[in-house]
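**Q** Protein chains in written order, with this note's numbering: chain Y, 1 to 190; chain L, 191 to 380.
No residue lacks a Cβ here, since even glycine has one placed at the ideal position from N, Cα and C.
As the structure is a prediction and not an experimental result, all values here were calculated from the model.
One structure follows; several queries about it will come next.
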DNA sequence: ACAATATATAACAAAATATCACAAAAAGAG
DNA sequence: CTCTTTTTGTGATATTTTGTTATATATTGT
């Protein structure tokens, strides 16, 4: 089964996103091409900045700017900024990273087995329990995705921030329902 | 199951983050490679500043928590948080790092050969020219040293933030004189 | 302080992997 | 179909990584 070079490289990327790392040996077998061809594929993927070649295989490129984590947002594929990190821990022990509370709260709709949910306090940079936190939606401070959602450890902080930058302060559950309703209503499906 | 060399080092780091310390003996067993290879892995991890080699194993390097840079504040010796970085470039090409605008502005008093001065916008995380920036002094948001000094790229942002969290908005020069006067007056050496 | 033990480093050889150059094959263009 | 361009595979050669042995250095107990 012949495969176009671009398609093959996309395939490699797809595998890589699932498996974190992949060896040339494995790729030779799966794609039924020579090691040299794999080398060339990996070279161009690395050139484009998608991956990093390491001896024996490749890993997803994780050269983050300072201020960014090594993780990609599962929802929007953006590299996760340190200051808006949002982490969902599942009961299965899996960690799901989102770039900001906007994506994080949306992601929660897709996961029923959440164990703990953490978000980073926008003012103080500490991780806080998202369930106890307050979220300022639609303020004029857009640091990541829109609609802007910022996380605060206390309602007071959120309210004070709102005085200057507008928006509406919601607790965890209110923020979740607000966001999912909003996304749905825009798309118009029911 | 073969392990890519770089992945192996990542694995070591991951274990280290959970276990604080790890012995070479254990690593030899877990990774099924020779002690020499472990030594070499630890050497390069130490070179990169991620760990510290100790006799018989390694511990996590205390430098480089997520959210902190590798630098120490020249004034207060605190490790520099990423989100409040303040950098003074001298005409001699030297870089002086401060943990926050508070220390940075104070440091400026000691250096007459400043070339450029950069500070990080507290809202958006971008580095801005400190000379064009506005500083909110004495707000109730204390993320680093006190008196609290936060940097904003625009006067409007600073004012809006002030509405919620108090303090006084000053431009570059006003902030410098304000801070140095204040420190002097407290110490009483006229 | 000394020997006994453990750990670290250095040097070398073997194995694994990467790169290069060129020829064969495939794909497109006219 | 013929010519050109691109992609692929092969074998030779370079480079990197690894393990082993020997040697040096540090730690421990007496």
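For the putative contact between residue 22 of chain Y and residue 57 of chain Y, defined by C-beta atoms under 8 Å, what is the C-beta separation to the nearest angstrom?
**A** Contact holds; Cβ gap of about 5 Å.
**Q** Residues in the stretch 23–48 of chain Y with C-beta within 7 Å of chain L's C-beta atoms, listed in sequence order?
**A** Within the stretch 23–48 of chain Y, the qualifying residues are 23.
**Q** Given a threshold of 16 other Cβ atoms within 10 Å of its Cβ, counted over all protein chains shown, does residue 34 of chain Y qualify as buried or as exposed?
**A** Label assigned to residue 34 of chain Y: exposed.
**Q** When you compare only the Cα positions, how much space is there between residue 215 of chain L and residue 196 of chain L?
**A** Going from the Cα of residue 215 of chain L to the Cα of residue 196 of chain L covers about 20 Å.
**Q** Please give me, in chain order, every unbroken run of the beta strand (DSSP E) with length at least 3 that falls completely inside the stretch 275–333 of chain L.
**A** As far as the stretch 275–333 of chain L is concerned, its whole beta strand (DSSP E) runs of at least 3 residues are 276–280, 285–288, 304–310, 317–319, 324–327.
**Q** Whose C-beta lies closer than 6 Å to the C-beta of residue 295 of chain L among residues of the same chain, with five residues either side of it excluded?
**A** Closer than 6 Å at Cβ, skipping near neighbours: 365, 366, 369.
**Q** Would the stretch 348–357 of chain L count as touching the stretch 275–288 of chain L if we require 3 or more Cβ pairs under 8 Å?
**A** Result no; under three Cβ-Cβ pairs closer than 8 Å.
**Q** My guess is that residue 90 of chain Y and residue 115 of chain Y are in contact by the Cβ rule of under 8 Å, so how many angstroms apart are they, rounded?
**A** So it is a contact: roughly 6 Å between Cβ atoms.
**Q** Could you check which residue in L/198, L/338, L/331, L/269 has the C-alpha nearest to that of residue 291 of chain L?
**A** Checking every option, the nearest Cα to that of residue 291 of chain L belongs to L/338.
**Q** Pick from L/312, L/243, L/373: whose alpha carbon is nearest that of residue 343 of chain L?
**A** For the residues L/312, L/243, L/373, the minimum Cα distance to residue 343 of chain L belongs to L/312.
**Q** Quick one: is residue 329 of chain L buried, meaning 16 or more other Cβ sit within 10 Å of its Cβ, or exposed?
**A** It counts as buried.
**Q** Please confirm whether residue 134 of chain Y has its beta-carbon closer than 8 Å to some beta-carbon of chain L.
**A** It does not: the Cβ of residue 134 of chain Y has no partner Cβ on chain L nearer than 8 Å.
**Q** Is the Cβ of residue 83 of chain Y closer than 8 Å to any Cβ of chain L?
**A** Yes, residue 83 of chain Y lies at the interface with chain L (some Cβ there is under 8 Å from its Cβ).
**Q** Taking only beta-carbon atoms, is residue 182 of chain Y less than 8 Å away from chain L?
**A** Answer no: the Cβ-Cβ gap between residue 182 of chain Y and chain L never drops below 8 Å.
**Q** Rounded to the nearest angstrom, what separates residue 111 of chain Y and residue 321 of chain L at their Cα positions?
**A** Their Cα atoms are separated by approximately 47 Å.
**Q** At the level of alpha carbons, what is the spacing between residue 194 of chain L and residue 55 of chain Y?
**A** Cα-Cα distance, rounded: 7 Å.
**Q** Under 8 Å by Cβ, that's how I've got residue 264 of chain L and residue 297 of chain L pegged, so tell me the actual separation to the nearest angstrom.
**A** Confirmed, Cβ separation roughly 6 Å.
**Q** Using the C-alpha atoms, what's the distance from residue 361 of chain L back to residue 209 of chain L?
**A** Their backbone Cα atoms lie some 47 Å apart in a straight line.
**Q** To the nearest angstrom, report how far apart residue 47 of chain Y and residue 17 of chain Y are at their CA atoms.
**A** Spanning the two alpha carbons is a distance of roughly 17 Å.
**Q** Is residue 126 of chain Y close to the ligand SAH? I mean its beta-carbon at under 7 Å from any heavy atom of the ligand.
**A** In terms of ligand content, the structure shown is empty, and the ligand SAH therefore cannot be addressed.
**Q** Between which two residues does the alpha helix (DSSP H) containing residue 163 of chain Y stretch?
**A** From DSSP, the alpha helix (DSSP H) with residue 163 of chain Y extends over 155–165.
**Q** Nearest-angstrom Cα distance between residue 87 of chain Y and residue 282 of chain L?
**A** Taking the straight line joining both Cα atoms gives about 44 Å.
**Q** Pull up the distance between the alpha-carbon of residue 27 of chain Y and that of residue 135 of chain Y, whole angstroms please.
**A** Distance between the alpha carbons of residue 27 of chain Y and residue 135 of chain Y: 45 Å.
**Q** Using only CA atoms, which one of Y/82, Y/109, Y/38, Y/42 lies nearest to residue 143 of chain Y?
**A** The residue with the shortest Cα to Cα distance from residue 143 of chain Y is Y/82.
**Q** Locate the alpha helix (DSSP H) running through residue 225 of chain L, then write down its first and last residues.
**A** First-last of the alpha helix (DSSP H) with residue 225 of chain L: 225–237.
**Q** Taking only three categories from DSSP, how would you classify residue 391 of chain L?
**A** Only positions 191 to 380 of chain L appear in this structure, which leaves residue 391 of chain L out of reach.
**Q** If we cut at 8 Å on Cβ distances, does residue 201 of chain L have a partner in chain Y?
**A** Taking Cβ atoms only, chain Y never reaches closer than 8 Å to residue 201 of chain L, which makes this a no.
**Q** Got a sec? Which residues, its chain only, sit under 6 Å from residue 127 of chain Y by beta carbon, not counting five neighbours each side?
**A** Excluding positions up to five away in sequence, the list reads 118, 120.
**Q** For chain Y, check one thing: does any of its Cβ atoms lie closer than 8 Å to the Cβ of residue 196 of chain L?
**A** Chain Y, which has a Cβ nearer than 8 Å to the Cβ of residue 196 of chain L, makes this yes.
**Q** Skipping 5 residues on each side, what residues in its chain have a beta carbon closer than 7 Å to that of residue 231 of chain L?
**A** 198, 199, 202.
**Q** Only counting the same chain, and skipping five residues up and downstream in sequence, which positions put a Cβ closer than 6 Å to that of residue 345 of chain L?
**A** Cβ within range, chain order: 324.
**Q** For residue 335 of chain L versus residue 293 of chain L, is the C-beta spacing smaller than 8 Å?
**A** In contact: residue 335 of chain L and residue 293 of chain L (Cβ atoms closer than 8 Å).
**Q** What residues from the stretch 143–177 of chain Y come within 9 Å of chain L, judged by C-beta to C-beta, listed N to C?
**A** Answer in chain order: 143, 157, 159, 160, 161, 162, 163, 164, 165, 166.
**Q** Quick one: what's got a C-beta closer than 6 Å to residue 53 of chain Y's C-beta in the same chain, skipping five residues either side?
**A** Result list for residue 53 of chain Y: 42, 46, in chain order.
**Q** Along chain Y, in chain order, which residues have C-beta atoms closer than 8 Å to that of residue 315 of chain L?
**A** Chain Y residues near residue 315 of chain L: 67, 81, 83, 143.
**Q** How big is the Cα-Cα spacing for residue 15 of chain Y and residue 39 of chain Y?
**A** Rounded to the nearest angstrom, the two C-alpha atoms are 16 Å apart.
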